[in-house]
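Participant: The structure that follows is given in the form of structure tokens.
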Amino acid sequence: MTRTRRRDRADEGGEGFLGAAVGTGGDVVVIGVPFEQGSVQSAGCAQAPSTLRALTRGESISAGIWDYASRRRIIQGLSLSDAGDFEYRASIPRGTYFRTLEDFTSTLASEGRIPLGFGGDHSVTLPLARGVAKAHGRIQVVQLDAHHDYAPVARGRLPTHSNFVSFLARSPGIHRVVQLGVRGYSSWLPRRPRGVIDVPLADAADAIEPGLETYLTIDTDAFDPTLAPAVVHPMPGGLTWADLDQVLTLLARRRCAIVGLDWTEYNPTLEGRNFPTGIAIVHALIRVLGALDRARREGRR
């Protein structure tokens, strides 16, 4: 039987994201998930984990991260490690791959660590969030996305980037899924699964349950394509980086500890010459890590 293999960064002689130590010992643990078989249109997003690491080569999060605009050190106590990539091969059944990833994520979360997944297409959120829910018992998922991702699921249907929410909403430990940023037009209105709430950002405070541990999943197409164009399904009128800050502030004010998160659907093969989308994602991830660092220092996590 072919087994899923986790390719460690040390195997490649590489360094982790933001210069993180290789391994699983950090407060936050990066997991590369170069999986793109959840969509026939997402070829290229398997390159995202390695691209994001390459864009931060030479940085050192252990020395702290300074924000030049505010002249403040926004990360100063949070430890980050990089577990490498969960390799996928065609000989591995998708169910086996997802279960192995779910178990690995659950183990990290059970140790009090925060898994940070780098997709890959958005179907990888299913095993990542399930693993966190298995460890924490009851969580809510906050999803930043241009699309609902709850296409109907027929018997025997595999999880994809367009239906994973239908699977997630009925998973043990997932109390609710709050979707922010959904937009666009279609001749078809999908049926919303029970436990899924789709609201504009202005109404997010009413939809997010206070005090409930939270898994944050971010699809690159949640943001306006003028800010993040390297996606397969760009949708005009999206979120801004200030909106991401607003979501992070809202979660902090409502005492919703982020216990796991992922970033998906970034496609480096659609990039411009200087990788503007990848650089923007790195900056956004630093904002998120800064929020996690503040939560740790303030005793909220």
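Numbers given in my numbering equal positions in the sequence shown, counted from 1, plus 1.
Here a beta-carbon is modelled for each residue, glycine too, at the ideal position from N, C-alpha and C.
(1) Can you check which of these residues, Ser82, Arg158, Asp150, is closest to Arg193 by C-alpha distance?
(2) Hey, would you say Gly39 sits closer than 8 Å to Thr161, going by beta carbons?
(3) Considering only the alpha carbon of each residue, which of His284, Ile32, Ser80, Val183 lies closest to Gln144?
(4) Just the C-alpha distance for Arg156 and Phe168, rounded to the nearest angstrom, thanks.
(5) Can you find at least 3 beta carbon pairs, one from the region 93–109 and one from the region 176–190, that sit closer than 8 Å?
(6) I believe Trp264 touches Ile209 by the beta-carbon criterion, under 8 Å. Please report the beta-carbon distance rounded to the nearest angstrom.
(7) Where Ala47 and Thr215 are concerned, what is the direct C-alpha to C-alpha distance, given to the nearest angstrom?
(8) If you follow the alpha helix (DSSP H) that Thr97 is in, where does it begin and where does it stop?
(9) Identify, in the order they occur along the chain, each residue of the same chain with its Cβ nearer than 6 Å to the Cβ of Leu181, setting aside the five sequence neighbours on each side.
(10) Three or more beta-carbon pairs under 8 Å between the region 247–258 and the region 25–39, yes or no?
(11) Is Glu16 buried or exposed, if buried means 16 or more other CB atoms sit within 10 Å of its CB?
(12) Can you give the Cα-Cα distance for Gly279 and Ala136, rounded to whole angstroms?
(13) Between Ser71 and Glu112, what straight-line distance do the alpha-carbon atoms span, to the nearest angstrom?
(14) With H, G and I counted as helix, E and B as strand and the rest as coil, what does DSSP make of Ser82?
(15) Quick check on the burial criterion: 16 or more other C-beta atoms within 10 angstroms. Buried or exposed for Pro211?
(16) Where does Ala22 sit, in a helix, a strand or coil, going by DSSP?
(17) How about Phe1 and Gly33: do their beta carbons lie closer than 8 Å?
(18) Could you tell me the alpha carbon to alpha carbon distance between Gly300 and Ser188, rounded to whole angstroms?
(19) At which residues does the beta strand (DSSP E) containing Asp220 begin and terminate?
(20) With distances taken Cα to Cα, identify the nearest neighbour of Thr241 among Pro235, Leu251, Thr227.
(21) Tell me, to the nearest whole angstrom, how far the beta carbon of Gly85 is from that of Ala110; I am working on the premise that it is less than 8 Å.
(22) Per DSSP, what kind of secondary structure is His137 in: helix, strand or coil?
(23) Out of Asp294, His284, Ile140, which one is the CA nearest neighbour of Phe18?
(24) Thinking C-alpha only, which one of Pro230, Ala243, Ala130 is nearest Glu266?
(25) Around the C-beta of Arg171, are 16 or more other C-beta atoms found within 10 angstroms, so that it is buried, or is it exposed?
(26) Rounded to whole angstroms, what is the Cα-Cα separation between Asn268 and Leu56?
(27) If we count the other Cβ atoms within 10 Å of its Cβ and call it buried at 16 or more, is Pro153 buried or exposed?
(28) Could I get the ranges of all uninterrupted alpha helix (DSSP H) runs contained in the region 155–229, with 4 residues as the minimum, in chain order?
(29) Beta-carbon within less than 8 Å of Ser82's beta-carbon, same chain only, minus the 5 sequence neighbours each way: which residues are those?
(30) Between Asp294 and Gln77, which are expected to be in contact by the criterion C-beta below 8 Å, what is the C-beta distance as a whole number of angstroms?
(31) Given Tyr89, which residues of its chain have a CB within under 6 Å of its CB, disregarding the five upstream and five downstream residues?
(32) Assuming Leu252 contacts Gln141 (C-beta within less than 8 Å), just tell me the rounded distance between them.
Facilitator: The relevant details are as follows:
(1) Minimum Cα distance to Arg193 is reached at Asp150.
(2) It is a contact, given that the beta carbons lie within the stated cut-off.
(3) Of the listed residues, the one whose Cα sits closest to Gln144 is Val183.
(4) Going by the C-alpha atoms only, they are around 12 Å apart.
(5) No contact exists between the region 93–109 and the region 176–190.
(6) Not really, about 19 Å apart at Cβ, beyond 8 Å.
(7) 26 Å
(8) Thr97 -> alpha helix (DSSP H) spans 95–111.
(9) Leu145, Leu202, Ala205
(10) no
(11) That one is buried.
(12) So the alpha carbons of these two residues sit roughly 31 Å apart.
(13) 34 Å
(14) strand
(15) exposed
(16) Correct three-state label for Ala22: strand.
(17) The structure shown does not extend to residue 1, since the chain is modelled only from 2 through 302, so no value can be given for it.
(18) Going by the C-alpha atoms only, they are around 48 Å apart.
(19) For Asp220, the enclosing beta strand (DSSP E) starts and ends at 215–220.
(20) Thr227
(21) Contact between Gly85 and Ala110 does not hold, since their C-beta atoms are separated by about 18 Å, which reaches or exceeds 8 Å.
(22) helix
(23) His284
(24) Pro230
(25) In this structure Arg171 is exposed. Its beta-carbon is surrounded by fewer than 16 other beta-carbon atoms within 10 angstroms.
(26) 14 Å
(27) exposed
(28) 165–169, 205–208
(29) Gly17, Ala21, Ala22, Val23, Gly24, Thr25, Gly26, Gly27, Val29, Val30, Val31
(30) About 7 Å separates the CB atoms of Asp294 and Gln77; that is less than 8 Å, so the two are in contact.
(31) Phe36, Tyr98
(32) The Cβ separation is near 10 Å, so there is no contact.
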